[in-house]
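Undergrad: Quick one: the structure is below, questions incoming.
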Amino acid sequence: MEIERSSVFSQPALKQNARLAAGPNVPDDAPLVPRRRPWMPVAAAACVAVLAFALWKLLENPVVDQDVILEYLFKDVTLRGVGVTLFLTTVSMAAGLAGAVVLAMMHLSDNSVLSGIARLYTWLFRGTPILVQLIFWGYLGIFIPELSLSLPGIGTIFSVPTAQVVTPMVAAMLALSLNEAAYSAEIVRSGILSVPRGQVEAARSVGMTRFRTFRRVVMPQAIRVIIPPMGNEVILMLKTTSLVSVIAGADLMTNLQHVYSQTFQVIPLLIVASIWYLFMVSILTIPQSWLERRFGQSLARSQPRRRKSRSSDSKAGKPALSDKRG
């Protein structure tokens, strides 16, 4: 007797498991009574009370000037910072994901040099804090004052100050995208490794090239494993952009820091920043949840169905399991 494994966590399967756990004396058509948890409403009420008390204490605090919060919530300086934050998130994630695919392919390569370079890159950028990387790129002009190209016999072709090329915005995009590539490469690599090796060998045996096998066989299946955790990476990237303020990257946090350094309204403006970050993260959570459900259902449908027939159970001397799900 074996339960259908393709939908272990579906409602019919859970009901069937509950009947099996109840024992053989319980009829199949017996109603399932949910377990009573009287402490759940009490715990929920306690949580609501704690949150309400914390919010009340926050609003009645004289340091929290609600007029300042309302004044700067939709002010131009705040909205410009929100736009830069979204721009940094989009560009850094796109560049980081492109680099992650290249790094993952290098890591899985049979070439020991390429694999070693990918491992070294991942070790370096995952082992150093993102704040250190931001400061490094932001102050690149200190130890490399000029970017120049010289050829023997010709001389200097061009030479420009590093500070004119690596601006705070460029430094922020470089640091965020290079760091993201190191982390996302492991996600992409795990997605590629989730595809059975036999499918790759079968594709190669019918004459498909490595690139075509990757594009037609590997990537369509790996993307189901890659996309859900990538949603968390996007949200993490959005919040990580707040660190750009250490190099004056003109993001939301940078602009509000400039304001409260002049007005000394630190707490109200930090609340403004928190409101905007919560709003943007909440918006990003919607497509993330949809993608998780979509690809989760796809993974569930892809599982093989295994069910023993009633006749085989009867021949083995086992009682047949009723197909009635209730």
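The numbers in full-length UniProt numbering rise by one with no breaks, and the one at position 43 of the sequence shown is 43. Every residue gets a Cβ at the ideal spot worked out from N, C-alpha and C, and that includes glycine. If you're wondering where the values come from, they're calculated on a predicted model, not measured in any experiment.
#1: Does DSSP put V195 in a helix, in a strand, or in coil?
#2: Between which residues of its own chain and K315 is the CB-CB distance below 8 Å, once the five residues before and five after are set aside?
#3: Looking at the unbroken alpha helix (DSSP H) that takes in G116, where does it start and where does it end?
#4: Specify the secondary structure class of S109 as computed by DSSP and reduced to three states.
#5: Apply the 10 Å Cβ neighbour rule to V165 and answer buried if 16 or more other Cβ atoms are within range, or exposed otherwise.
#6: Locate the alpha helix (DSSP H) running through S242, then write down its first and last residues.
#7: With a Cβ-Cβ cutoff of 8 Å, do T85 and D251 count as a contact?
#8: May I ask which residues mark the beginning and end of the beta strand (DSSP E) holding T156?
#9: What do you get for G191, buried or exposed, if any count of 16 or more other CB atoms within 10 angstroms of its CB means buried?
#10: Spatial neighbours of I135 within its chain, please: C-beta separation below 8 Å, excluding the five flanking residues on both sides.
#11: Considering only residues of the same chain and omitting the five flanking positions on each side of S177, which have a CB-CB separation below 6 Å?
#12: Measure the alpha-carbon distance for S159 versus L151 and round it to whole angstroms.
#13: For P161 versus G141, is the C-beta spacing smaller than 8 Å?
#14: Excluding the 5 residues flanking I130 on each side, which residues of the same chain have their C-beta closer than 8 Å to its C-beta?
#15: Can you pull the DSSP bridge partners for L79?
#16: Can you grab the Cα-Cα spacing for the pair V266 / L236, in whole Å?
#17: Please list, in chain order, all residues of the same chain as Y121 whose beta carbon is under 7 Å from its beta carbon, the five residues on each side excluded.
#18: Counting pairs of beta carbons, one from the region 186-203 and one from the region 274-281, are three or more of them closer than 8 Å?
#19: Have a look at L256 and E71 and give me their C-alpha separation to the nearest angstrom.
TA: Taking the structure as given:
#1: The residue you call residue 195 lines up with position 195 of the sequence shown. Reduced to three states, the DSSP call for V195 is coil.
#2: In the sequence shown, the residue the question calls residue 315 occupies position 315. Interpretation of K315 is limited by its pLDDT of 46, a score under 50 that renders its predicted location unreliable; the figure taken from the coordinates is listed afterwards. There are no such residues.
#3: Translated into positions along the sequence shown, residue 116 becomes position 116. That run of the alpha helix (DSSP H) goes 112-127.
#4: On the sequence shown, position 109 is the one that residue 109 refers to. S109 falls in the coil class under three-state DSSP.
#5: Start at 1 with the first residue of the sequence shown, and residue 165 comes out as number 165. Under this definition V165 is an exposed residue.
#6: Translated into positions along the sequence shown, residue 242 becomes position 242. That residue, S242, is in no alpha helix (DSSP H); it is neither H nor E in DSSP.
#7: For this step, residue 85 is matched to residue 85 along the sequence shown. For this step, residue 251 is matched to residue 251 along the sequence shown. For T85 and D251, yes; Cβs fall inside 8 Å.
#8: The residue given as residue 156 occupies position 156 in the sequence shown. Run containing T156: 155-161, per the beta strand (DSSP E) assignment.
#9: In the sequence shown, residue 191 corresponds to position 191, counting from 1. So G191 ends up on the buried side.
#10: Start at 1 with the first residue of the sequence shown, and residue 135 comes out as number 135. The answer, listed in chain order, is V246, I247.
#11: Here residue 177 is taken as the residue at index 177 of the sequence shown, counted from 1. The answer, listed in chain order, is S92, A95, G96.
#12: Counted from its first residue, the sequence shown places residue 159 at position 159. Counted from its first residue, the sequence shown places residue 151 at position 151. Whole-angstrom Cα-Cα distance: 12 Å.
#13: Here residue 161 is taken as the residue at index 161 of the sequence shown, counted from 1. Here residue 141 is taken as the residue at index 141 of the sequence shown, counted from 1. In this structure, G141 lies closer than 8 Å to P161 by Cβ.
#14: In the sequence shown, residue 130 corresponds to position 130, counting from 1. If we look at I130 and ignore the five residues flanking it on each side, its Cβ neighbours are A175, L176, N179, T240, L243.
#15: Start at 1 with the first residue of the sequence shown, and residue 79 comes out as number 79. Its beta-bridge partners do not exist; DSSP assigns none.
#16: Numbered from its first residue, the sequence shown carries residue 266 at position 266. Numbered from its first residue, the sequence shown carries residue 236 at position 236. The straight-line gap from Cα to Cα measures roughly 24 Å.
#17: On the sequence shown, residue 121 is found 121 positions in, with the first residue counted as 1. Cβ neighbours of Y121 beyond the five flanking positions: L103, A182.
#18: no
#19: To locate residue 256, count along the sequence shown from 1; it is residue 256. To locate residue 71, count along the sequence shown from 1; it is residue 71. So the alpha carbons of these two residues sit roughly 12 Å apart.
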